[in-house]
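*Asks:* One structure coming up, written as structure tokens, with questions to follow.
Residue numbers (the working numbering): 171 to 268.
Right, dumping it as structure tokens:
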């Protein structure tokens, strides 16, 4: 298992929102918890896959395919990523590498 290298001060909700903003090219103010990727932001399946992949890379997590069907809004994705990062150990030894 590779140690995780996430910054402890990382603002995960803001980072998820930025990933969505970049992928869909919309202002941050247009992204609300209920914002749907396909219907509201005019995305498609490839856009969704791109944001899932970017979240996996940025936060060093894995989003299983079976969970992706539940992540169709910004709010659902943000909560999922926050919860997953919180329960994933920082590295195999502990937060201080001991």
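Using N, Cα and C, we set each Cβ at its ideal position, and we do this for glycine too.
1) Between which two residues does the alpha helix (DSSP H) holding residue 211 run?
2) In angstroms, rounded to a whole number, what distance separates the CA positions of residue 251 and residue 208?
3) Return helix, strand or coil for residue 183, following the three-state DSSP convention.
4) Judging by CA-CA distance, which residue of 235, 221, 231, 241 is the nearest neighbour of residue 189?
5) Go through its chain and collect everything with a Cβ distance to residue 211's Cβ below 7 angstroms, but skip five positions before and after it.
6) Can you give, in chain order, each stretch of the alpha helix (DSSP H) that sits fully within the region 209-253 and has at least 4 residues?
7) Only counting the same chain, and skipping five residues up and downstream in sequence, which positions put a Cβ closer than 8 angstroms to that of residue 202?
8) Smallest Cα separation from residue 235: which of 258, 229, 215, 200?
9) In chain order, what residues of the same chain lie with their CB nearer than 6 angstroms to the CB of residue 218, ignoring the 5 residues before and after it?
*Replies:* A quick look at the data gives this:
1) From DSSP, residue 211 is part of no alpha helix (DSSP H); its letter is neither H nor E.
2) 19 angstroms
3) In the structure shown, residue 183 adopts helical secondary structure according to DSSP, grouped into three states.
4) 221
5) 194, 196, 205
6) 215-229, 235-238
7) 244, 245
8) 215
9) 207
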